[in-house]
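*Asks:* The structure under discussion is supplied below as structure tokens; questions concerning it will follow.
In full-length UniProt numbering, the protein residues as written are 1 to 471.
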């Protein structure tokens, strides 16, 4: 007889049911894998100009809400905001992302550098050629109120223009037989007898630099010329008027020595003296005590230096200043102190710099960099400086990856022994511009250089007139 075990049969059913129930329960109550919160975002650009829009793309994991702080007084709770910065600076943009539990959060910080946006000055004169480049190097104001502009056409054609406003010519002198290579004007000034002197340098056929000096009469006609052309590299950088209408010219020899050459009113070399061993001169002046003051850069120390001479060109002082940097211009304030302009290298980028030093001790009174915030995003240098009352104005170049090289003009205010930046303007366009000299005439500023943005397909002399508010 066959016997069926009903108990085992029921047990099997129970086992199957129990397994399915356990599997269902395990699936129902199993904890999901933990995903940590990680804040992250990407700005569309990290270097922009004032007025540009930056898009911020959020990359945070498992975040439910966001709080953005743009560090300019504004915030956003959008996941992917867009923002326009209204002023220059370096902004540490912060995003805080939070989970759904509203307690777990994480943050991310990324910097955005906002540079000044270039513009065009209202009072601009372009001196253009038909099919050649023109460069504006230097200018001076004459006793009769007119201006003299000194520049170059093509490679070696020296152009000197007398004008009341840049647009109208009283006379123009073109000297195309000074150099075969590139020619550069370093200084142009009027002497007490009404004549005009131009100094600079040019490259010869083998690539060496030779110095030149040209004297024009009051009508722009050449009176005489001379040159310094040896196996060395010579550059005439600046000059002052000496006794009996002589000209004391500052020369850089092989970028290592300072040389002073004095020419008579007829263009004859009277005397020559050399100073320093690792010194590159840049600018000179007669000070209030009838001393010749020369400023430049000491290559051995990477510091600016000041050389002081008496009227007989005897050295009285050769001293480094108490900071590093490269100097291109020196002026004297009404209180006797000196102001130098140039640049310093900070965080591997070149920063424009001006400094005031005591005329006696040469101790630093103040030193400032106008765009220190833009380190590694742009580079600047000052090439000229002028003063009016308690204000100091500096001219230079502003190089950046967005608009190339633009002209930089800064206005500073002095209070006792402190300095503050009051205004900063950048002039330029989509191509490159250069500002080379700044001139103050009562309540008007002029700068000269060259432009590619506002001319035809060739470079043009860029002559700009500004008021003391840089408009």
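Backbone N, C-alpha and C fix where the C-beta goes; we use that ideal spot for every residue, glycine too. Source: prediction; values computed, not measured.
Could you check the C-alpha separation between residue 452 and residue 96 for me, to the nearest Å?
*Replies:* Whole-angstrom Cα-Cα distance: 45 Å.
*Asks:* Of the residues 156, 345 and 281, which one's Cα is nearest the Cα of residue 318?
*Replies:* Measuring from the Cα of residue 318, the nearest candidate turns out to be 281.
*Asks:* Compute the Euclidean distance between the alpha carbons of residue 140 and residue 74, then round it to the nearest angstrom.
*Replies:* Looking at the two C-alpha atoms, the distance is approximately 48 Å.
*Asks:* Give me the Cα-Cα distance between residue 173 and residue 151, rounded to the nearest whole angstrom.
*Replies:* Rounded to whole angstroms, residue 173 to residue 151 spans 11 Å at the Cα level.
*Asks:* Between the C-alpha atoms of residue 401 and residue 330, what's the straight-line distance to the nearest angstrom?
*Replies:* Roughly 30 Å between the two C-alpha positions.
*Asks:* Only counting the same chain, and skipping five residues up and downstream in sequence, which positions put a Cβ closer than 8 Å to that of residue 445?
*Replies:* Excluding positions up to five away in sequence, the list reads 386, 393, 409, 438, 439, 465, 466, 467, 468 and 470.
*Asks:* List the endpoints of the continuous beta strand (DSSP E) containing residue 225.
*Replies:* First-last of the beta strand (DSSP E) with residue 225: 222-228.
*Asks:* Using the beta-carbon count (16 or more within 10 Å), is residue 144 buried or exposed?
*Replies:* Exposed is the call here.
*Asks:* Between residue 354 and residue 365, is the Cβ-Cβ spacing less than 8 Å?
*Replies:* No, these two residues do not count as a Cβ contact at 8 Å.
*Asks:* Taking DSSP as the reference, what is the three-state secondary structure of residue 24?
*Replies:* Note that residue 24 has pLDDT 43, beneath the 50 cutoff, so the model's placement of it is unreliable and no number is given.
*Asks:* Which same chain residues, not among the five before or five after residue 31, have their C-beta less than 8 Å away from its C-beta?
*Replies:* Residue confidence for residue 31 is low, a pLDDT of 45 falling below 50, so the modelled location carries little weight; the figure read from the coordinates is stated next. No residues qualify anywhere along the chain.
*Asks:* Note the first and the last residue of the continuous beta strand (DSSP E) segment covering residue 262.
*Replies:* 257-263 is the span of the beta strand (DSSP E), which, as asked, contains residue 262.
*Asks:* Between which two residues does the beta strand (DSSP E) carrying residue 304 extend?
*Replies:* Note, residue 304: beta strand (DSSP E), 303-309.
*Asks:* Can you give the Cα-Cα distance for residue 240 and residue 212, rounded to whole angstroms?
*Replies:* One C-alpha to the other measures close to 15 Å.
*Asks:* Helix, strand or coil: how does DSSP classify residue 78 here?
*Replies:* Coil at residue 78, not helix or strand.
*Asks:* How long is the line joining the alpha carbons of residue 20 and residue 103, rounded to whole angstroms?
*Replies:* Only weak support exists for where residue 20 lies, its pLDDT of 42 falling under 50; the value from the coordinates is given anyway. The alpha-carbon atoms of residue 20 and residue 103 are separated by roughly 38 Å.
*Asks:* Could you check where the beta strand (DSSP E) with residue 236 kicks off and where it finishes?
*Replies:* Residues 234-241.
*Asks:* Taking the alpha-carbon positions, what's the residue 358 to residue 265 distance?
*Replies:* Rounded to the nearest angstrom, the two C-alpha atoms are 34 Å apart.
*Asks:* By DSSP's criteria, residue 355 is part of a beta bridge. Which residues make up the other side?
*Replies:* Bridge partners of residue 355: 340 and 367.
*Asks:* Give the straight-line distance between the Cα atoms of residue 214 and residue 423, rounded to the nearest whole angstrom.
*Replies:* The straight-line gap from Cα to Cα measures roughly 38 Å.
*Asks:* In the DSSP assignment, what are the bridge partners of residue 161?
*Replies:* In the DSSP output, where bridge partners are listed per residue, residue 161 has 149 and 172.
*Asks:* Quick one: grab the DSSP three-state call for residue 245.
*Replies:* In the structure shown, residue 245 sits in a helix (DSSP, three-state: H, G or I).
*Asks:* How many Å lie between residue 306 and residue 332 at the Cα?
*Replies:* Whole-angstrom Cα-Cα distance: 13 Å.
*Asks:* Can you grab the Cα-Cα spacing for the pair residue 196 / residue 136, in whole Å?
*Replies:* If I take the Cα positions, the gap works out to 17 Å.
*Asks:* For residue 284, which residues from the same chain have a beta carbon less than 7 Å from its beta carbon, with the 5 sequence-adjacent residues on both sides left out?
*Replies:* If we look at residue 284 and ignore the five residues flanking it on each side, its Cβ neighbours are 238, 240, 250, 292, 293 and 294.
*Asks:* Is the region 78-87 touching the region 409-418, taking contact as three or more C-beta pairs under 8 Å?
*Replies:* With a cut-off of 8 Å, the region 409-418 and the region 78-87 do not count as touching, because too few Cβ pairs lie within range.
*Asks:* If contacts are defined as beta-carbon pairs under 8 Å, then residue 427 and residue 118 qualify, I think. What distance do you get, rounded to the angstrom?
*Replies:* Correct: roughly 6 Å between the Cβ atoms.
*Asks:* Assign residue 270 to buried or exposed, taking buried as 16 or more other Cβ atoms, counted over all protein chains shown, within 10 Å of its Cβ.
*Replies:* Looking at its Cβ environment, which holds fewer than 16 other Cβ atoms inside 10 Å, residue 270 is exposed.
*Asks:* Per DSSP, what are the beta-bridge partners of residue 178 in this structure?
*Replies:* Residue 178 pairs with nothing; no bridge assigned.
*Asks:* Relative to the alpha-carbon of residue 336, which residue among 142, 343 and 362 has its alpha-carbon at the smallest distance?
*Replies:* Ranking the options by Cα distance to residue 336, first place goes to 362.
*Asks:* Does the beta-carbon of residue 158 have 16 or more other beta-carbons within 10 angstroms, so that it is buried, or is it exposed?
*Replies:* Classification for residue 158: buried.
*Asks:* Going by DSSP, what residue range makes up the beta strand (DSSP E) through residue 299?
*Replies:* Careful: residue 299 lies outside any beta strand (DSSP E) and carries neither H nor E.
*Asks:* What residues match up with residue 448 in a beta bridge as DSSP calls it?
*Replies:* Bridge partners of residue 448: 437 and 463.
*Asks:* How many whole angstroms separate the CB atoms of residue 178 and residue 156, which I take to be in contact at a CB cut-off of 8 Å?
*Replies:* Indeed they touch by this definition, with Cβ atoms about 6 Å apart.
*Asks:* Starting from the C-beta of residue 160, find all residues in its chain whose C-beta is less than 6 Å away, skip the five residues before and the five after it, and write them out in chain order.
*Replies:* So the qualifying residues of the chain are 150 and 173.
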